[in-house]
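Peer 1: This is the structure I want to talk about, given as structure tokens.
Protein chains in written order, with our numbering: chain A, 5 to 208; chain B, 5 to 208; chain C, 5 to 208.
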């Protein structure tokens, strides 16, 4: 069940990677590579920090979601695009799943709660950041027209709190992941923003 | 002999880094840094995934090829450029050597064959990807006017297959590396391309 | 005391990250993320290469400097900017501290001297490189109008030499860090430059 959630997160991020590849007119192989980097990159960073073999390499089943995402975009691109802003939606779903499952994996491997929450956020934003850096565009993570990292921080914090209190379960993880997804989508819809980096920015 | 192949791969990638530095009007130190990142980056990623100390750090001899490449470009830039598209040629040679030696090292350290082939591709494309990301340009890896990842996938797959069948040797590795190099060069010459990321792209 | 120096280095680099975030009109969360990546990124790379849990994750106190830097820029941006070129100055201070403490940590963990010096340089330039890559701008590291890597190489080399000779101490580290800082600042002030990557560049 935990594996299913993790693979689902990989699939959503991989879809966002393949959709960006399609928008950038990449070829099929570029689509597969960007899907893999986006879907698996956050988890690889998490596992390297945890000092374990990255699960994307130890379990070949993790290669299935990027392959599937590449094929979905190849055959069904027009239909997927008709869903409206699909890159943002799938990215939000991946964010919700990864910031929660990332924190739980860190806690299970003995990380202290603060570091586990930070690593959950890192896992959540890592894949998308790599996608945007490699595709040479401004990272979504730093877009100031909506909230991206705050839902991830809240989600990683909540599952860590539940773990410390002994309430951790797959259902709690799933519920928090959906909350993160909803907050991210609502922030896009209603243009919720965070304060500017400077209290009183001067006109420049 | 395996060490010699690996150092040769570092040298070729390092040359591509120094040539890009020269084209970008970097200074001599920037040339050395970009040569090192390009030549050693793929192997560092490979070794971190494998959980061993990156060989670029444990064996100081690995610093020699980037130094040599920087000096070659410094003193002989005009002659090297006269070879015609040298950045692409040296990059192709590095790709051939790294996708094969990377897979073999992963297999020798006990990785499963699928992961070893994926890690071979990662080693092959990693250094060049870092080079292009750091130099703030669109990665060659995603260029749709020729084949880049497909030769690497084929090469990593072939040496992995040979290893599984018990046919692995330095000569097999070298032959497959040359095949990858040839495919890459031929794809540049004859403009072989992969299918687009979307089956029926709409005009946008 | 060694911890204090390291936290100070994190703080200086984090300030440079938050200042870049402010210049780029990022929001407060983006400022915190860029401060964290810049301040902690070099050390995370160093610790992954050394095969230990990145200290930014094992010791939560490392999260304090990026938080503090974000608040300083939020409340006191105008005053900090009045110092003149603060991004360059804080970046130089971080460079001095990290290239020296990075090399010392590598030596303490048993790395050979050559690799330790290289890892010191990597630690010093890593955080700023990540900052510039993620903010999608040309890395300061490759700016040819002043010296960046040379002071770092000299600093990492000097503390390594002192360690080999048995003269290593926190005061030596601090003195060398200040020397690196001074060289970097003087190279900015007096426009010291390194030779071009090519001996006789052709007009292109």
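The C-beta atom is built at its ideal place from N, Cα and C for all residues, glycine as well.
Let me see if you follow: with CB-CB separation under 8 Å, is residue 31(B) close to chain A or not?
Peer 2: No, its Cβ sits nowhere closer than 8 Å to a Cβ of chain A.
Peer 1: Would you mind telling me which residues of chain C sit closer than 9 Å to residue 133(B), beta carbon to beta carbon, in chain order?
Peer 2: Correct list: empty, because the minimum Cβ distance to chain C is about 12 Å.
Peer 1: Can at least three beta-carbon pairs, one atom from the segment 128-137 of chain A and one from the segment 30-50 of chain A, be found at a separation below 8 Å?
Peer 2: Yes: at least three Cβ pairs fall under 8 Å.
Peer 1: Please go through the same chain and pick out, in chain order, the residues whose beta-carbon is closer than 6 Å to the beta-carbon of residue 208(A), but skip the five residues on each side of it.
Peer 2: In this prediction, residue 208(A) has a pLDDT of 47, which is less than 50 and means its spatial position is unreliable; nothing more can be read from the coordinates.
Peer 1: Cα separation between residue 30(A) and residue 91(A)?
Peer 2: Each residue's Cα considered, the two are about 15 Å apart.
Peer 1: Can you name the residues that DSSP bridges to residue 200(A)?
Peer 2: Looking at the DSSP assignment, residue 200(A) forms a beta bridge with 31(C).
Peer 1: Using a Cβ-Cβ cutoff of less than 7 Å, which residues in the same chain neighbour residue 180(C) once the five nearest sequence positions on both sides are dropped?
Peer 2: 104, 159, 162, 163, listed in sequence order.
Peer 1: Going by the CB atoms, is the gap between residue 38(A) and residue 135(A) shorter than 8 Å?
Peer 2: Yes, the pair counts as a contact, with Cβ atoms nearer than the cut-off.
Peer 1: Have a look at residue 116(C) and residue 97(A) and give me their C-alpha separation to the nearest angstrom.
Peer 2: Spanning the two alpha carbons is a distance of roughly 45 Å.
Peer 1: Report the three-state DSSP secondary structure of residue 66(A) (helix, strand or coil).
Peer 2: Note: residue 66(A) maps to helix in three-state DSSP.
Peer 1: How far does the alpha helix (DSSP H) with residue 155(B) in it extend, from its first residue to its last?
Peer 2: That run of the alpha helix (DSSP H) goes 153-168.
Peer 1: Does residue 70(C) pass the burial test, meaning 16 or more other C-beta atoms within 10 Å, or should it be called exposed?
Peer 2: So residue 70(C) ends up on the buried side.
Peer 1: Determine, for residue 81(A), whether the minimum Cβ-Cβ distance to residues of chain B falls below 8 Å.
Peer 2: It does; some Cβ of chain B falls within 8 Å.
Peer 1: Closer than 7 Å by beta-carbon distance: list the chain A residues that pair up with residue 140(C), in chain order.
Peer 2: The answer, in chain order, is 142.
Peer 1: Work out the CA separation of residue 126(C) and residue 213(C) for me, nearest whole Å.
Peer 2: This structure gives no information on residue 213(C), because the portion of chain C shown stretches from 5 to 208.
Peer 1: Kindly give me the distance between the Cβ atoms of residue 146(A) and residue 34(C), rounded to whole angstroms, as I take these residues to be in contact under 8 Å.
Peer 2: Contact holds; Cβ gap of about 4 Å.
Peer 1: Taking the straight line between their C-alpha atoms, what separation do you get for residue 165(B) and residue 183(A)?
Peer 2: Straight-line Cα distance between these residues: approximately 45 Å.
Peer 1: Please determine, among 188(C), 26(C), 178(C), 82(C), the residue with the shortest C-alpha to C-alpha distance to residue 8(C).
Peer 2: Among 188(C), 26(C), 178(C), 82(C), the Cα nearest to that of residue 8(C) belongs to 178(C).
Peer 1: Helix, strand or coil for residue 128(A)? Go by DSSP, reduced to three states.
Peer 2: Helix.
Peer 1: Could you list the residues in the segment 90-111 of chain A with a C-beta less than 9 Å from some C-beta on chain C, going in chain order?
Peer 2: Answer in chain order: 110.
Peer 1: Just to make sure I have the definition right: I need the residues of chain B whose C-beta is within less than 7 Å of the C-beta of residue 154(C). Which are they?
Peer 2: In chain order: 33.
Peer 1: Report the option in 141(A), 81(A), 185(A) whose CA atom is closest to the CA atom of residue 156(A).
Peer 2: Here the closest residue by C-alpha is 185(A).
Peer 1: Taking Cβ to Cβ, would you say residue 47(C) is nearer than 8 Å to residue 68(C)?
Peer 2: Going by C-beta atoms, residue 47(C) is not nearer than 8 Å to residue 68(C).
Peer 1: When we look at the beta-carbon of residue 79(A) and count the other beta-carbons within 10 Å, is it buried (16 or more) or exposed?
Peer 2: When all chains shown are included, residue 79(A) counts as exposed.
Peer 1: Which bits of chain B does residue 122(C) rub up against, with CB to CB less than 9 Å?
Peer 2: Per Cβ cutoff of 9 Å: 40, 60, 61, 64, 67.
Peer 1: Extract the residue ranges of the beta strand (DSSP E) inside the segment 41-119 of chain A, only unbroken runs of 3 or more that lie entirely within it.
Peer 2: With a minimum length of 3 residues, no continuous beta strand (DSSP E) run stays inside the segment 41-119 of chain A.
Peer 1: Where does the unbroken alpha helix (DSSP H) through residue 193(A) begin, and where does it stop?
Peer 2: That run of the alpha helix (DSSP H) goes 174-193.
Peer 1: Under the three-state reduction of DSSP, which class applies to residue 139(C): helix, strand or coil?
Peer 2: Note: residue 139(C) maps to coil in three-state DSSP.
Peer 1: Does residue 37(B) come within less than 8 Å of chain C when only Cβ atoms are used?
Peer 2: For residue 37(B), the answer is yes, since a Cβ of chain C falls inside 8 Å of its Cβ.
Peer 1: Going by beta carbon distance, what residues of the same chain come within less than 6 Å of residue 10(C), once the five residues before and after it are set aside?
Peer 2: Closer than 6 Å at Cβ, skipping near neighbours: 105.
Peer 1: Please classify residue 142(C): is it buried, with 16 or more other beta-carbons within 10 angstroms of its beta-carbon, or exposed?
Peer 2: Answer is exposed; the Cβ neighbour count stays below 16.
Peer 1: According to DSSP, simplified to helix, strand and coil, what is residue 10(A)?
Peer 2: Looking at residue 10(A) - three-state DSSP - the assignment turns out to be helix.
Peer 1: If you draw a straight line from the alpha carbon of residue 173(B) to that of residue 113(B), how long is it in whole angstroms?
Peer 2: Each residue's alpha carbon lies about 16 Å from the other.
Peer 1: Using a beta-carbon distance below 8 Å, is residue 18(C) in contact with chain A?
Peer 2: False, the Cβ-Cβ gap to chain A never drops below 8 Å.
Peer 1: From residue 191(B) to residue 26(A), what distance separates their C-alpha atoms?
Peer 2: Going from the Cα of residue 191(B) to the Cα of residue 26(A) covers about 22 Å.
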